[in-house]
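Asker: 3 is the number of the first residue of the sequence shown in my numbering; add one for each residue after it.
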Amino acid sequence: PEAMRKHGRDHRIRCWSAGCSTGEEPHSMAIVVREVMSSCVGWDIRILATDLDSNVVATAGQGRYTGERIAGLSRSRAKKWFHTTGDKVQVDTSLQTLITFKQLNLMQSWPMRGPFDLIFCRNVVIYFDKPTQRKLFDRYADYLADGGYLFLGHSESMHNLSDRFELIGQTIYRKVC
């Protein structure tokens with residue numbers, strides 16, 4: 003809702019799932035976008051989903067999962083956003099069209115321009131040492147819009163690693179302008 007207010011004139015929202023693995027996170031983001039912004043016809047909303055591993059990116063792009071992967075969804079949500087194909091479920095194409103899946107090494111140059119309104123980097127930075135985490139947080143800040151949000155995993159924190167963000171929730175940070 004805040005993004006809708008912020009972009010009421012340009013009707014453009016950009017999200018990034020950094021470390022998307024097999025795609026559950028960006029597909030969940032797409033569900034929220036479709037449900038929360040159903041009245042925003044004509045808006046340009048896109049989700050970039052990246053991961054280091056090209057194999058998991060390929061799996062994510064297919065949008066095909068075992069039924070167990072969506073067991074946490076309500077029955078109505080599962081029925082609305084997934085279609086059964088044999089022993090698998092297929093993500094609805096209306097979700098897939100919001101997402102671009104790409105292979106990306108976070109430690110190399112980033113080809114995208116930004117700015118992003120939301121960046122999800124959950125359960126990724128725990129694999130890096132503190133100097134690398136600091137560098138990564140600075141890069142995220144460079145790619146976030148002023149007031150944009152960075153979401154980390156529950157075991158992650160940027161405590162004493164960046165002064166470019168303020169903590170607004172247990173694992174949610176807002177870029178300070």
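Using N, Cα and C, we set each Cβ at its ideal position, and we do this for glycine too.
#1: Does DSSP put T61 in a helix, in a strand, or in coil?
#2: Mind checking who Y175 pairs with in its DSSP beta bridge?
#3: Assuming contact is defined by CB atoms lying nearer than 8 Å, are R136 and L169 in contact in what I supplied?
#4: Taking the continuous beta strand (DSSP E) assigned at Y129, which residues delimit it?
#5: Applying the criterion that 16 or more other CB atoms from any shown protein chain within 10 Å of the CB defines a buried residue, is I128 buried or exposed?
#6: Along the chain, where does the alpha helix (DSSP H) containing L50 start, and where does it finish?
#7: Counting Cβ pairs closer than 8 Å, one from the stretch 115 to 124 and one from the stretch 77 to 95, do we hit at least three?
#8: Nearest by alpha-carbon distance to D148: which of A51, R166, T134 is it?
#9: What does a CB cutoff of less than 6 Å around W18 pick up in its chain, not counting 5 residues either side in sequence?
#10: If distances are taken between C-alpha atoms only, which option among G44, Y67, L75 comes closest to T86?
#11: Looking at the unbroken alpha helix (DSSP H) that takes in H29, where does it start and where does it end?
#12: Give the list of continuous beta strand (DSSP E) stretches no shorter than 3 residues that lie fully inside the stretch 79 to 109.
#13: Measure the alpha-carbon distance for I174 versus I33 and round it to whole angstroms.
#14: With distances taken from CA atoms, which of A80, D140, L154 is nearest V178?
#15: Return the chain-ordered list of same chain residues with a C-beta closer than 6 Å to the C-beta of V59, the five sequence neighbours on each side being excluded.
#16: Looking at the secondary structure, which residues open and close the beta strand (DSSP E) in which I121 lies?
#17: For R11, which of helix, strand or coil comes out of DSSP?
#18: Using only the alpha-carbon positions, how far apart do I15 and L108 sit?
Answerer: To lay it out plainly:
#1: helix
#2: L152, L169
#3: no
#4: No beta strand (DSSP E) contains Y129, which DSSP labels as neither H nor E.
#5: exposed
#6: Element bounds for L50: not the alpha helix (DSSP H) but the beta strand (DSSP E), 46 to 53.
#7: no
#8: Of the candidates A51, R166, T134, the one whose C-alpha sits nearest the C-alpha of D148 is R166.
#9: L50, F118, I121
#10: Closest by C-alpha distance to T86, out of G44, Y67, L75, is Y67.
#11: H29 -> alpha helix (DSSP H) spans 26 to 38.
#12: Correct list: 84 to 87, 90 to 93, 101 to 105.
#13: 20 Å
#14: D140
#15: Counting only Cβ-Cβ distances below 6 Å, and skipping sequence neighbours, we find D53, F103, Q105.
#16: 118 to 123
#17: coil
#18: 22 Å
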